[in-house]
Structure formats: structure tokens, C-alpha cells
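Asks: When we follow the numbering used here, the leftmost residue of the sequence shown carries the number 3, and every step to the right adds one.
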Amino acid sequence: MRGLPRRFLENTTDTDIGEFRPVTVLFANFHNFSRILEVLSHAPEQATRVLNAYYRRAQAVVHRYDGIVNKVDMATYGDKLMALFGAPAAHEDDPLRAAYCALDLEKALIDANSEIVEILSAVVPPEAASTLAMRQRIGINTGTVFAGRVGGAQRYEYTVMGSAVNLSARLMAKATDSIILVSPATRAIVQNQIAVDDHPPLHLKGWPHPIAPGIVRDYAPSSQIIQNRTASVLNLSTMIGREVELELLRHAASLAIQGAGRVLAIVGEAGIGKSRLSSELLRELIIHEERDIVFYTNECQSYEHRTPYMAIRAPLRQLLDLQPQQTRQIETQHAELMQQTIEAAVTRYAPELVRFTSLLGDVLGVVVQETPLTRGLTLEQRRDRLQELVIALFLGAARSHAVVLLLEDVQWADASSMEVVSQLCRAISTTPLLLLLNYRPAPPIDEPWCDLATCQRIELKELSPERGRELLATLLNDTPPPAITTLLDRTQGNPFYIEELIRTLVESGVLARDMTGYWHLTRPLDQIDLPRSIEGVVVARLDRLTEAQYNTVQVASVIGRRFQHPVLEGVTDRIDYLERTLTELIAVEIAMHDLQEQDDRTYLFRHALLRDVAYESILYARRRELHQRVSARLEMLTADQPQRRLDVLGLIARHYLLAEVWPQAFEYHMTAGIQAQQRYANREALTLFGTALEIVPRLPLPTDPAARFSQLIDIHERRGTIHALLGETDDAVAAYIDALELLDLRDETHRETRIRLHRLLASVEEQSSKFDTAFSWLEQGMALATATTQAELARCYLLGCKIYYRQGELEQALQWANQSFALAEQVANVLDQAHALRLIGVIQSDQGDMASSIQTLEQARELWNMAEGDLNGLSRILNDMGAVYDQTGRWTEAVVCYEQALEISENIGDAVGIPYTSNNLGFVLMGQGELQRAYDLFLYSGERFNQIGSAWGAANTISNRGEVLLLHGKSQKALELFQQSITIFEDIKSRGFIAESLRRAAEAYLAMRQLEQAYEQAYQSLSIAEEMGQTLECGIAERVLGQIALEQADTTAALQHLTQSYNILKDADAPYELAKVHYWLARLWLQMNNHEQATTELRNAKETFTKLGAQRDLEQVHLLAAEGQIEL
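1. Here's the rule: buried if 16 or more other CB atoms are within 10 angstroms of the residue's CB, otherwise exposed. What is Glu-461?
2. Roughly how many whole angstroms lie between the Cα atoms of Ala-91 and Asp-106?
3. Who does Glu-1029 pair with in a DSSP beta bridge?
4. For His-205, which residues in the same chain have their Cβ closer than 7 angstroms to its Cβ, ignoring the five residues on either side in sequence?
5. Below 8 angstroms on the Cβ atoms is my guess for Thr-442 versus Ala-254; work out the distance and round it to an integer in Å.
6. With H, G and I counted as helix, E and B as strand and the rest as coil, what does DSSP make of Lys-991?
7. Would you grab the beta carbon distance between Trp-779 and Glu-767 for me? Rounded to a whole angstrom, and I think it's under 8 angstroms.
8. Under the DSSP definition of a beta bridge, which residues are partnered with Cys-457?
9. Put Ala-787 into one of helix, strand or coil per three-state DSSP.
10. Our contact map puts Arg-624 next to Gln-679 with C-beta atoms below 8 angstroms; I'd like the distance itself, whole angstroms only.
11. Can you tell me whether Tyr-1170 is buried or exposed? The criterion is at least 16 other CB atoms within 10 Å of its CB, across all chains shown.
12. So Phe-668 and Ala-694 are in contact, right, with Cβ under 8 angstroms, and what is the actual spacing, rounded?
13. With DSSP as the reference, label Arg-564 as helix, strand or coil.
14. What are the residues that DSSP puts in a beta bridge with Val-147?
15. May I ask you to report which of helix, strand or coil DSSP gives Lys-1078?
16. Less than 7 angstroms between C-beta atoms, sequence neighbours within five positions excluded: which residues of the same chain meet that for Ala-1009?
17. Could you check the C-alpha separation between Phe-10 and Gly-150 for me, to the nearest Å?
18. Using the Cβ count rule (16 or more neighbours within 10 Å means buried), how would you classify Gln-226?
19. Does the region 900 to 917 come within contact of the region 945 to 952, defined as at least 3 CB pairs closer than 8 angstroms?
20. Using the Cβ count rule (16 or more neighbours within 10 Å means buried), how would you classify Thr-133?
21. Going by DSSP, what residue range makes up the beta strand (DSSP E) through Val-1?
22. What do you reckon, are the CB atoms on Leu-474 and Thr-487 nearer than 8 angstroms?
23. Whole angstroms is fine: what's the gap from Glu-905's alpha carbon to Glu-1049's?
24. Any chance the region 818 to 832 sits against the region 787 to 804, with 3 or more Cβ pairs inside 8 angstroms?
25. Check whether the Cβ of Arg-278 lies closer than 8 angstroms to any Cβ atom in chain C.
26. Taking the alpha helix (DSSP H) that Asp-1069 belongs to, which residues open and close that run?
27. Sorted by chain position, which residues of the same chain lie with C-beta nearer than 6 angstroms to Ala-101's C-beta, five sequence neighbours on each side aside?
28. For Phe-22, does the count of other Cβ atoms within 10 angstroms reach 16, so buried, or fall short, so exposed?
29. Just to confirm, is the Cβ distance from Val-422 to Gln-389 under 8 angstroms?
30. List the whole-angstrom C-beta distance separating Ser-855 from Val-886, where the pair is believed to meet the contact cut-off of C-beta under 8 angstroms.
31. What are the start and end residues of the beta strand (DSSP E) that includes His-752?
32. Apply the 10 Å Cβ neighbour rule to Trp-209 and answer buried if 16 or more other Cβ atoms are within range, or exposed otherwise.
33. Sorted by chain position, which residues of the same chain lie with C-beta nearer than 7 angstroms to Val-167's C-beta, five sequence neighbours on each side aside?
34. Sort Glu-1028, Asp-81, Thr-751 and Val-832 by Cα distance to Met-174 and report the nearest one.
35. On the DSSP letters alone, give me the boundaries of the beta strand (DSSP E) that Asp-199 sits inside.
36. Relative to the C-alpha of Asp-1115, which candidate in Asn-831, Tyr-1074, Gln-1127 and Ala-1096 has its C-alpha closest?
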């Protein structure tokens, strides 16, 4: 159910989940459907169309106001619809939402009847059809109800029960056609915001006393519009009642400016004084602080929350010293100048990241010249490096001069900006940077900064009655009449409410100065109808504007709290009065110039409530028309500026959505979602794609159904890809399956798409180590392959190779990799060929065919460069080559490959490549005897693998750390690490990597002279290595078994195992491991008193260890030579 809290959706047998909560219940009785059914008894499909003509509109209206349609069932006359506002999700204005919904339902009925008459006209004469129109009556009540899940464990529903529900149903039954009756409880809340007439008291069944409902007539009460003349009367300069909070801000600001960065989160309801408090702090810093401070500010806009990086765009432009006209005219003569300006700023503040300068275009919304490096980044790397650069710029600026970064209305910030802000908060502890974040407590947002020691969260409460009276006196600059103070109760200590209420009294002439200059009331307060809520006060203030001013305010409110002159002039009907009207609105403090833009062409509503109330006052049809005009105007203004068009895609999409122009809304949401995905702004992309899918049922029938289905499949597939990247496996699977279910199995045009979706499903399961499920999806997809789908089939084989490899089944993996390469070669896909060759080379290495492995990997690198593959993939190939060189004892070449790979990984910030390469370098260092450096690298790699959630990588580094401890003689601690790595490998079903850890555990047992356990572990390692075709590991396991036999004085068995080890490793081209066998054969021959053979073997070991630079092993050789009196 739409909006149902998680606790009501959980799979549980507990059916007693419920709560008591205030809810507004709306009952709508729609009737005449029975007569229509009689007429259409022979045409049930037309009857369905008639019902849907009403119901889909009614449902859309309810959802528009965040209500839910709880049920539709039979009534005494016709059918009834029950809608809830405040359950399961509550809003502070649910009664008003219900009243607005009722008014919109009346409008929706008119549209529905037009469609119904058109449907019926095909069956009955037009004059008869018009008599069959649907009728509607509505009842609304507000009260406390039981809300919860009722029913059994197998079938249940969410509903509300109680007398409050019954009263709304009774009012519906008493209403006549086209009448909306509201209970006294609802009327008391909404009567100052909508027009409500009296209705005679009603005697209702179940109520002992008569109920006097109200009749809802219109959206807002009429009142006389007069000029606002308060600006010169009220004293708005002094802040009252926030001394404690201001002192906290001063202290934190002082610490920040001295170098101990701070985050200040100021939280409070609308009108409570968040912006006023921040402004006061900034004013004091400007006046009193001796140190040079630079201020960067932005007010987040609700309509920009789907556009990546909008919240930090303005501050970043300010930091880069970009003038507004530069970013607007980027595609003309200013492009080169702007690029120079950006590069100069990056060089000054973040020189170590200057190579990523071109990525800033994604934040600034402009084109900055790309480089080969940035073009080689993956989407994820682009996002990571961009955010790293933005943070470095703010930190670098703070090192040059103290910085104050103010973001207001953070509850509306986009997800990408919040990622940057969260990281910045964690990075400022030793930097002179103050980060001020203002936001409302609802809707709740993530507040990761609140967990930091550098953060202080200040929640603003209502003013006490005493401070409220003080604010009154300050506003009037004199003592107010005593009767005025009685109004403070209704303001509930909200400073903005108090200010606007006094403004209302002054403007209406009720509060005025007498001949002596003292304030007095010209009429008793009980004779004045004063608004009872802050919204009501704002409505009253707007009602006092002239017609031209009011029209301009309404049009501007559709654009947003921030509105631009070029957009406004293309939307308003009163362009001849626009300049004068804007000047007047600034004079009466409704609007102001947006100082961030510095061009006198952009304006702001002085308070968000002014914009919100103005917007809600617009009739629904008019609102839709204005949103459509804004969309068209934005399209026109960006028609010849492609980059600016990309920058406002989300904004145009939003306006078309609110205009209910569904085709354009769908197209723009889809396009904006694709753009967000390309910027790796994944959360914004998911939101945009989700909205696009919600629009689909409202779209007209397409002229090209196939194209529409392709778009829907594409959206679901993109959603799946994003969820997979975010690690949201279940959501990814669901999205891919949604795409599959849209495909017609008989449609050959989408066969390749079906195969790809099966592969993507398999990939998600493979990442979760669910190999059996992954293969099931993969095999279903591959069964669909034909001669025309070879490219996709090649990728399926490649994925299957990876799955087999992770399970340690090398022969199967090699077969699938070779098949993938052959298919990729047939279709001339060079990049896929390189992918396949890389895996073939890795498998050849594991099988001990080192010469072939190096040759294959070198070929993979050439193809990768030819295909201009991303740098991330090139780093992987270099890593693999380094590993092979390492195993073959060519350590110098291994170091070269690792260093090249590590340089790429560090340049692009590859979160996986850095630990992977560091781990491999640790192996080389371990072989060269630098055990402490090797251990540190393994520890570092393990931490990085854990950060990215790679259990496989973490297990490898744990085993490697154990190897270092074993070489240090710390056998017991080493054994514990080996066993830990084995457990992880078993959990993730990476059987192919267990053999190495088992063999190492055997060496630990051997060092502790626990020979039985050593033999058991070594033998198990050998069995798994043979099963998996791991030639190199087989040779090493045979060597360890030989050592165990030697320790048991079983020279026959020792010679047998060591000889077998020698034969395997000689063919595997593994000189370092072969040298170890020579060493242990030397020990064996000495024990067997064969001095000549021992000398030969020890000299062979020395030669290889010397060539490799294996100092620790050389020491062991010299010790054995001395012990056996062997001359080397």
C-alpha cells in the first residue's frame, strides 16, 4: 500500500500491529453508476472504462495531497471511496489537504463526466448520455482513530476505525450532490484557509447531540487587497530570544576560525528563526572578526533536489571566482576564459588534484575540456575523484583564509551534494572552516555530521511568552498596547508568525500611533477576524497586494523560491507591468534580489513560507497551466545552449510533471535520469527513473508501442544496474525481473536484451557469491542465443568463466574464457577479447603455465590499449602480469608492473586496485626478506579490502599476514590467521583459495612439531589443489609433505614427496619455489649422509636465491652449509 510504514509491511504473524493517531477521513459517495451499468449491460468493457474515468482521476487527486485511497465499496446510493490523510504518514496540514482534495475531486468529476458522456454517446443518444453523468457528495472529519493492520496472518489490510471515521461517513450520507460537508473539528482548523459556509445542525445516528457542519465552498476566503506599508514602521533589526544559541554559535565559530573546524547544525520549524540566527552570526563575523574570512552561501531549493550537485554549485562557483554570466555563456566566447579561471583556482587550492579539473563540469553544469586521464575513468571513479576534488578545494581555500560555508534549507539538498557535505564535515577538524547547515526537522534527513565531535546541533524552540512580548516591543520600537499581548498564545512563540501578525494589524489600521506617538488599537480585537495560523497570516498579507503584484507573486511561486527575470517575463500575462511590480514587491519585502547571482536578474522570496502559501493559493487548473508555461520557457531559453539544457533537465521534468503534461514529463524524467546516471548521481537517477515509471499509466496510448516498451525496459534495466552498483542486491534483481516481464518471448527483436538481462541477474548473484543461482540465470539466458546474438553470448561465457574461477574450477573456467574470446573475435569486439585474454592468462598462471600466461597477458594489454579501455582495466592487467613475474622469480619485472599498476590506481583513485597491488607488492617484499614492510602492506591492503566490502580480498591478506608471522617464528598466531582465512573462503565458497591457506596451516603445525595435524592439513591442501588443477600449489604442497616426512625421519617418503615437488615445479616455471625444494633436498641428503648430493642441491638453491635477491633464504642456505660443512 502506498506510503505504508515498514512495520506494517514486515512478514510477521503478529496481527496486533496498530496505533491511535489523529487522522482526517474523507468519504466520497459517487453514484449513478448503477444506471450506467444497466445501459451498458451488453458492453462490460465500456462499463469498466466509465468506472476508471472517475476512479483514476479520484486516486490521482488523493495522491496529489499525499493521502491514500483506503477502500472503495458499496454505499446506500452508489459506491463510496474512503481516503485517509494522516495515516499511515502524517503531515502538519492534513485537514487542509483533505479539504483541498475534496475541492479537486469536484473538478475531477467534471473532467470524468466529459469522458463518460463521450463513452456513452457511442451507445445511447447524446441527449440521453448527458443525463447519465456521475454525481458526488463528500463528508470530512478529523479526529483520533485506531489505525493498523487487521485480519489474519495470511490475509490482512491496513485500515482505520473509530467514531471519527463514522462521523465522516454520516456527513457524506447527509450531503447533497456536489456538496462537501466538514465536521466542526475539521472546520476549526481550515476555516481561515478555505471558504466555509454554515450549515444547519444535523441529527446523526449515533450522536446524542446535533452536529453543525460547514460547507466547503472555495480554496481561500476573499478579503480586501490593500497596499503593504509596514516596511517603514516595524523595527526588524534586533534579534530577540536567541542569546544562548548565538553565544554557542560564536564560540564554535571562534574555534573554527582559529583552525579547529566546526559544523553547526541549526534545526527548527519554518519561521522559527534559523536564517535570522545564521545571518546574525555572519554579521558579527564581518564586523568584529579581525581575521580575513571568506563566505560561501547557498539556499537549497525544493525543486532542485533531483539535480546532482545543485546544493553546492553556488558555493563552488563563488570559490572558483566564476561570474554568473561566465557559466551562462559558456558555449560562446567565455568558454576559454572560464576554463582558465577554473584551472587557476584548482592550481591554487588543490594542486595535487589538478589533473581532475575537467570533472568539475559535472558540478558547475558546464563543459570543461576532458583529458585522456579523465576519459579513462569509470563512472564510479569520476564520481569519487570529483567529490575528492571539491572537498580538497574547500579545504585548500580554508588554508589560505578562514572559510564560512552556509547551506540553508538542507532538507531540500540533492543526494550528491549531501555526500560531499558529509565527507567535508569529517575532514575539517584541523582546518579554519565553519560549516553552517540550516534545515527543518521534518521531513527527517540523514544527519551523519551529528556523530562527529566537531559538530554541534542546535534545535531552535518557540520563544517564551516573556521573550515574545519583548519581540513585540522591539518590532514596534515602543511599548505595545496591553491587549496586543493576548495574541501571543496563538503565535506559539514563532518569531515569523509574531512579525507577520503585527504587520497585519498595522497594515489593516487596527494598530496605529495616536497623536502623541503611542501605539493604540483602533478597534477591539474581538471585532477583528485575525488569522489563526502562520499560513493564514501570510495569506492575509498576500491578499493585501494589488492585482498586478499578486499575479506576479503567484507566477513567480510556480518557478520556485528563486526565480529568474528571463523565465518570469516569458510566463506572466502582465509583462507591461513586470519591472514596476518587481520593484514594488522588493519595497514591500515580499521579494529581494538574489545576491548570489550578482546580476539583478534573479530574485528570491524573502521567506520560503511566502512562496509556499502563494503557490498553494493558485487554482489547480491555473497552476498546471503555469507549470507548462515555465517548462516551455525553459526549453526556449536553452534551445541553443546544449550544456544549459542538460543542467535544467530535472527542472523541466518537474514542471511538466506538475503541469500533468505526461508525455513530456516522462521523456524529461527519463533523459534527466540517464544524465544523472552518467554523473554517477545514483540516488537522483533512481528517483527520476522511479517518477518516470509512475507517469507511465497516465500516458496516452503510444503511436509506436514497441518504442515505448523499449523505453520501459531500459528504465528497469538502468534501475537494476544502479541498485547493483549500490550493493542493493534484492532491488537490483527485482528491477531486472521487471524488465524481463515486459518482454514478449515471441518477439525476436528483443532476444539480445533478454540474454543481457539474464546475464545481469547472474552477475548480481555472482557478486553475492550465490554461484548456483547465478549459473541458473546464466544458462537460461544462453539458451536463448542465436547466430545474431554472439556478442552478448561472449559476455555470458566471460561471466561464467569468472564464476568457475571463483569456485576454483580452473579447467571449466579456461574453457569458458576461450569460448568467450572466440565469440568476441568473431564479432570484432576488441575490448571483450582483452577481457577474455586477461582471464585466460590468470588461469594459465594458476595452472603453472607461466610462459603462456605472460604471453597472453601481454596480448591482453595490447588489445586493451587498442580499444582505449578504461585505466582501471589496464591496472588489473598490469597487476596480473606482475603476479606471474613474481611467481617465476622475475622480481624486477614484477616490481615494474606493480609500480605501473599502482601509479594508475593512485591517479584514478581506484579503491580496489590500490589494495590489490599493495598486496602483491607485499609478496615481493616477503620474498626479498623485508618482512615488516610486507606485513604493513598486507595489513593496509586488508583494511582497504574491508572498506570496499571484499571478503575475498580481506581473506587473502589475512592469510598473507599469517605467512609473515610464520617466517617470524610466531607459529601459533600465524595458524590462527590461516584458520580465519579458511573460514572466510569457505563462507564465500571460494574453494580454489583454500588450498594455499591449508598448506600454510600445515607449515605452522610443522613449526610447532604437531606433525599429525601438519600432515592432515598438507594432504587436504594437495587434494584440493589437484581437484582444482592448481599445478603450482600442488608442487608446494608436495614439498611441505616432504618436510613433514623428513621431520618424522621417514627419508623414503621425504625423498618421494620432494622429488614429486621438484618435477611439478620444474614444469611450472616457478624458480623461487623450486629453489626451496633444492634447499630441502639438501637437508634430506645430509640426513642420509650423502654429502655430494647435498652440496649439489644447496648450490642450486644458492644460485637461484642470489639471482632473486631472497636474502632471508640465502641466510638459511649459509647456515645449512656451515652445519653440513658444505663449501658453496
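Cβ coordinates follow ideal geometry from the N, Cα and C atoms, glycine included.
Given the structure is predicted, the values throughout are model-derived calculations rather than measurements.
Replies: The relevant details are as follows:
1. exposed
2. 21 angstroms
3. Note: Glu-1029 sits in no beta bridge, so no partner.
4. Pro-212
5. One detail in the question is off: residue 442 reads as Arg in this sequence, not Thr. About 21 angstroms separates the two Cβ atoms, so there is no contact after all.
6. coil
7. 6 angstroms
8. Val-265
9. coil
10. Between Gln-679 and Arg-624 the Cβ distance is about 35 angstroms, and since that is not below 8 angstroms, they are no contact.
11. Given a span of 3 to 1130 for the chain in the structure shown, any question on residue 1170 remains unanswerable.
12. 6 angstroms
13. strand
14. Arg-23
15. helix
16. Leu-968 and Ser-973
17. Interpretation of Phe-10 is limited by its pLDDT of 38, a score under 50 that renders its predicted location unreliable; no figure is taken from the coordinates.
18. Confidence in Gln-226 is poor, its pLDDT being 24 and thus under 50, which makes the residue's placement too unreliable to answer from.
19. yes
20. exposed
21. Because the chain here runs from 3 to 1130, residue 1 falls outside it and cannot be looked at.
22. yes
23. 45 angstroms
24. yes
25. In the displayed structure, chain C is absent; only one protein chain is listed.
26. 1053 to 1070
27. Val-192, Ile-196 and Val-218
28. exposed
29. yes
30. 5 angstroms
31. No beta strand (DSSP E) holds His-752; DSSP gives it neither H nor E.
32. exposed
33. Val-27 and Val-147
34. Asp-81
35. 197 to 200
36. Tyr-1074
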